[in-house]
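Engineer:
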Amino acid sequence: MTLNPLIGIGLRYPHYTQVLEERPSIGWFEVHSENFFSNGGNEIKALLNISEYYPISLHGVGLSLGSSDGISKVHLDRLSNLVHQVQPKFVSEHLSWGHVGGIHMPDLLPVPYTEESFNTFKRSISIAQDFLKREILIENPSSYIEYKSSRLHESYFLVELCNQTGAKILLDVNNLFISSWNHGWNTKEYIDSIPFNLVKEIHIAGHSIKELSNDGTLRIDTHNNYVCDEVWALYDYTVQRFGPIPTLLEWDADIPSLNVLIEEASKCESYLSSYKVNRGVANA
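Those letters in the sequence shown? Residues 56 to 339, per the working numbering, in order.
See the structure below:
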């Protein structure tokens, strides 16, 4: 099977050796930046070896762009060093926060969409891009609560941040579906509000459903199973709006074999191809 070069998967430790030995037909790999911050060791050695054969994207979970006390200089130094070594095609982070007062929380926490938090993100994104000497992509988060103090919709908040900082968007379709389900948003209105030139990468993933005591359900971003039909449908809508864009399958828990990951990621091909077909009909 030869995959479209736009299709990638998350590179995880259980598959390092197989990737190096078999060099499977996959367009690119993405890794979590923080897993490679240590100096030396087998992890970074394997990544650098793999980067000789595949484009690599660095996806951060700990820069905490939304923290009011600013981003960590130590963290930024380590990220810069990794960027220098790997020369990634993309560097991305989340529209979230995770540390305050020197205490780091291992989660991607939501922020109120206010002018104050907007200015915090704007400052941190600008600092990060200036330090790294490149644009970064900002990913829309999965969320389970909304703040009463929010004055802006997430999509407007994200688009304006990119407009004012020069950053671009990593549109996580699974996250968008989860947040929209949990909060009652309209997914298509969210997507339609984003300018064509801002989305540079797409994520898809599986998620879990939790039954609630009020007979409702909560969607949870677990990255531990196959992509559901609703997310595939939203991915199709996304591709039809923005065109063929590098797309990554995330699978971070209960990780299956590499072949299963590649097979699941290969489903993107029909949606990417349908854009060409539809455009061909429209332009005929």
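Backbone N, C-alpha and C define an ideal beta-carbon position, used for all residues, glycine too.
1. Counting only runs that start and end within the region 291-330, where is the beta strand (DSSP E) found for 3 or more residues in a row?
2. By a C-beta neighbour count over all protein chains shown, 10 Å radius and 16 as the cutoff for buried, is ASP270 buried or exposed?
3. Is it buried or exposed for VAL74, if we count other Cβ within 10 angstroms and need 16 for buried?
4. Confirm, please, whether the CB-CB distance from PHE92 to LEU102 is below 8 Å.
5. Could you give the residue range of the alpha helix (DSSP H) that holds ARG133?
6. Which of helix, strand or coil does DSSP assign to ASP124?
7. What do you reckon, are the CB atoms on ILE233 and ASP276 nearer than 8 Å?
8. Can you name, in chain order, every residue of its own chain whose Cβ lies under 7 Å from the Cβ of ASN338, other than the five neighbours on each side?
9. With 8 Å as the threshold, decide whether the Cβ of GLY261 is near any Cβ in chain C.
10. In terms of alpha-carbon separation, which member of ASN241, TYR281, ILE193 lies closest to ALA308?
11. Under a three-way DSSP split, which group does THR242 fall into?
12. Which ranges does the alpha helix (DSSP H) cover as unbroken runs of at least 4 residues, wholly within the region 159-192, from first to last along the chain?
13. Can you tell which of LYS243, PRO143, LYS100, GLU324 has the C-alpha that lies nearest to the C-alpha of TYR68?
14. By Cβ distance, which residues of its chain are closer than 8 Å to SER204, with the 5 residues on each side in sequence left out?
15. HIS258 and ASN237: beta carbons closer than 8 Å?
16. Based on the DSSP output, what are the partners of SER235 in its beta bridges?
17. Between CYS217, PHE251, HIS70, ASN136, which has its C-alpha nearest SER181's C-alpha?
18. For ASN136, count neighbouring C-beta atoms within 10 Å of its own C-beta (all shown protein chains included) and say buried if the count is 16 or more, exposed if not.
19. What's the C-alpha gap between ILE200 and LEU163?
20. How far does the beta strand (DSSP E) with SER263 in it extend, from its first residue to its last?
21. Buried or exposed: GLU85, going by 16 or more other Cβ atoms within 10 Å of its Cβ?
22. With DSSP run on the structure shown, which of helix, strand or coil describes ILE99?
Structural biologist: Result, derived from the coordinates:
1. 302-305
2. exposed
3. buried
4. no
5. 128-141
6. coil
7. yes
8. In this prediction, ASN338 scores a pLDDT of 43, lower than 50, which makes its location untrustworthy; no coordinate-derived value is stated.
9. This model lacks chain C altogether, as it is built from one protein chain only.
10. TYR281
11. helix
12. 170-187
13. LYS100
14. PRO167, THR169
15. no
16. In DSSP, SER235 forms no bridge with anything.
17. CYS217
18. exposed
19. 12 Å
20. 263-266
21. buried
22. helix
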